[in-house]
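One structure below.
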Amino acid sequence: MRIPASYPMALLAALLALAPVYILITLASDATAIFDSHNLKILGNTLSLMVLTVIGSILIGVPLAFISAYVQLPFKKLWLVLFAAPLAIPSYIGAFTLYAAFGPGGEINQLLGFETPPMYGLTGAAIVMTLYTFPFVMLTTRSSLLSLDASMVNAARTLGMSMTMSVFRVILPRVVNGIAAGSLLVALYTLSDFGTPAMMRLDTFTRVIYVEYNAFGLSRAAMLSLQLMVIVGFLLFMESQIKTASERHGRPLMLFPTNGQKCMMLLTFAPILILAICLPLGIFCVWLARDGFANFDFSIAWNSAYASGLAAIVAVIVAVPVAHAALTGKAGRIMERVTYFGFGIPGIVMGTALVYGGLQLPMLYQTLALLVIAYVLRFLPLAVGSVRTSTEHLDSSLVKSARVLGASPREAFLRITLPLTLRGIIAGAALVFLESMRELEATLLLGPTGFETLSTYLWRVYEAGYFGRAAIPGLLLVVISACGLAIMLSGEKRSQLEH
């Protein structure tokens, strides 16, 4: 039996994806204690933040999903973009600006003259995380709502059931899987986030791992990393068990609110959008007007673009054979699924593992190459998914015809498969590039000495207290993240058109 040409590269990518786990297990074997009283506090804080964020995201995301799916509003597409816009702002930027804006002596106090409660601790972290993760629940729930047939609701209304009762007894039970899928994404994002708990001074796994690393407690950091990975692994398993219920598509439900109801919806959700979008951008503009451009070195932006560009190129080079292996046979699909493991590993955990790996390989330690490897391991699934999707839609008869006409497998790939899947390859590279630009945790741990990126510069500015200098890198990261959101939404729109 002939082994497909894509398998060796796919196997190598799968082994590299598992390497951080092996390193952490080896490193954690030197830890003095597996679990202690301090761990219990960290676990409590982490799970409390996760639960509060999930509850908050459901309370905001589900009503917004109903509004964006069913309620007929003027400029409906614009509202959908606004509801999803918080995804275009990294949560650590939201944490930074809200921390600086609230409390005695905060920007709101200085500009408007009245004091607001401070934003820190568990409450502050839960508010920030909710503001920047509720779109996950909104988008997955909205997708489920749009697939429902309105005939059941109309039948319930005909039998005397009120619209409110119809929502709770007919619609919600049919979209539970969509809500659960979005909630699990929120939980995974919350567990892996480092910037928000650190800026809000809340001891979660990610913050304590970073503290232990800085105190040269690598074995302790590795043990905490493995404990965090157990929780993440459990959630990933739960996510894999969620099956989206399929229904026959029919006429979608359409609701026409009165002007008074429109005003109520606006008054209810406007504060959320103001806090999540307007406040951070407004704070950055205030700082920019106050401090100007003089204090920012634009070579930092080039560093970010250079490292992220290298990661994007390497990722798509690896992603092409991995995606083709997944479509070739069962072994290829297993190898592809293993590469997704890196996406489930929090950046702080990946960084901790690769720091130790770099210490064992001095030629890699504190080099740009090690940072690029971390980016590729973290975000390779984005490229693989994009390439595989475009390859799945390729008409196989074109390749077969080329082979019949005498083309070699290599020639058929270069002249037919590659050009027709180029859009997916470019989209995958763009997603890896944009996510690498946003990455904070792995960059903090693995960046070469003196190599500053936009995200790490923002962190240094926060630590030093020079908040005004965060305006330019913060605005650049928001623009970059907005490009990533645009690619994601356009990809979803294309997939809907294709189906």
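For what it's worth, the working numbering labels the leading residue of the sequence shown as 31, then goes sequentially.
Ideal placement from N, C-alpha and C gives every residue a C-beta, glycine not left out.
Buried or exposed (CB count within 10 angstroms, at least 16 for buried), residue i
| i | result |
| --- | --- |
| I33 | exposed |
| W489 | buried |
| G322 | exposed |
| N75 | buried |
| W332 | exposed |
| P165 | buried |
| M80 | buried |
| Y496 | exposed |
| T298 | exposed |
| Y52 | exposed |
| H529 | Note on H529: pLDDT 46, under 50, position unreliable in the model; no value is reported. |
| P227 | buried |
| R453 | exposed |
| P38 | exposed |
| A459 | buried |
| M393 | exposed |
| I327 | Looking at the sequence provided, one finds Asp at residue 327 rather than Ile. So D327 counts as exposed. |
| M294 | exposed |
| V260 | exposed |
| S24 | Outside the displayed span of the chain (31 to 529) sits residue 24, for which this structure offers no information. |
| F264 | exposed |
| V238 | buried |
| S270 | exposed |
| G477 | buried |
| A494 | exposed |
| F132 | buried |
Rounded distance between the beta-carbons of residue j and residue i, thought under 8 Å
| i | j | result |
| --- | --- | --- |
| L410 | A43 | 7 Å |
| I455 | V346 | 5 Å |
| A341 | Y395 | Not a contact, Cβ separation roughly 18 Å. |
| A319 | V402 | Not a contact, Cβ separation roughly 36 Å. |
| T369 | V414 | 6 Å |
| A40 | P449 | Actually they do not touch by this definition, with Cβ atoms about 22 Å apart. |
| T220 | T83 | 5 Å |
| L258 | T382 | Actually they are not in contact, since the Cβ atoms of L258 and T382 sit about 10 Å apart, beyond 8 Å. |
| S78 | T163 | In fact, because the Cβ distance is near 15 Å, the residues do not count as touching under 8 Å. |
| L470 | G91 | With 8 Å as the limit, L470 and G91 do not qualify as a contact, their Cβ atoms being about 24 Å apart. |
| G136 | W317 | About 13 Å separates the two Cβ atoms, so there is no contact after all. |
| G372 | L407 | 4 Å |
| I123 | P310 | 6 Å |
| L256 | L54 | 5 Å |
Distance between residue j and residue i (C-alpha atoms, nearest Å)
| i | j | result |
| --- | --- | --- |
| A501 | I378 | 25 Å |
| L515 | G374 | 20 Å |
| E441 | V417 | 19 Å |
| L357 | V348 | 15 Å |
| S121 | M159 | 7 Å |
| D66 | F246 | 19 Å |
| A99 | K292 | 15 Å |
| L48 | H68 | 29 Å |
| L103 | T171 | 19 Å |
| T473 | T486 | 7 Å |
| S329 | S36 | 38 Å |
| F286 | F113 | 19 Å |
| L266 | C315 | 39 Å |
| A58 | R367 | 26 Å |
| E482 | I97 | 42 Å |
| P93 | S420 | 33 Å |
| A399 | G388 | 10 Å |
| Y492 | P134 | 18 Å |
| F235 | L384 | 18 Å |
| M467 | N184 | 48 Å |
| L296 | I307 | 15 Å |
| L175 | H354 | 33 Å |
| L305 | V262 | 29 Å |
| A115 | L461 | 17 Å |
| R187 | F463 | 49 Å |
| G339 | R363 | 27 Å |
| V216 | T479 | 33 Å |
| S177 | I517 | 23 Å |
| L89 | M168 | 10 Å |
| L202 | S431 | 49 Å |
Residues bridged to residue i (per DSSP)
| i | result |
| --- | --- |
| L285 | V101 |
Residue-level contact to chain D via CB, residue i, 7 Å cutoff
| i | result |
| --- | --- |
| V200 | Among the protein chains of the structure shown there is no chain D, as only one such chain exists. |
- Query: If you pair each beta-carbon of the stretch 139-149 with each one of the stretch 238-251, do three or more pairs fall below 8 Å?
  - Reply: no
- Message: Measuring CB atoms only, is the stretch 202-215 touching the stretch 150-159, in the sense that at least three cross pairs come out at less than 8 Å?
- Response: no
- Contact between the stretch 53-62 and the stretch 195-202: three or more CB pairs below 8 Å? no
- Query: Taking three-plus beta-carbon pairs below 8 Å as touching, is the stretch 123-130 in contact with the stretch 245-259?
  - Reply: no
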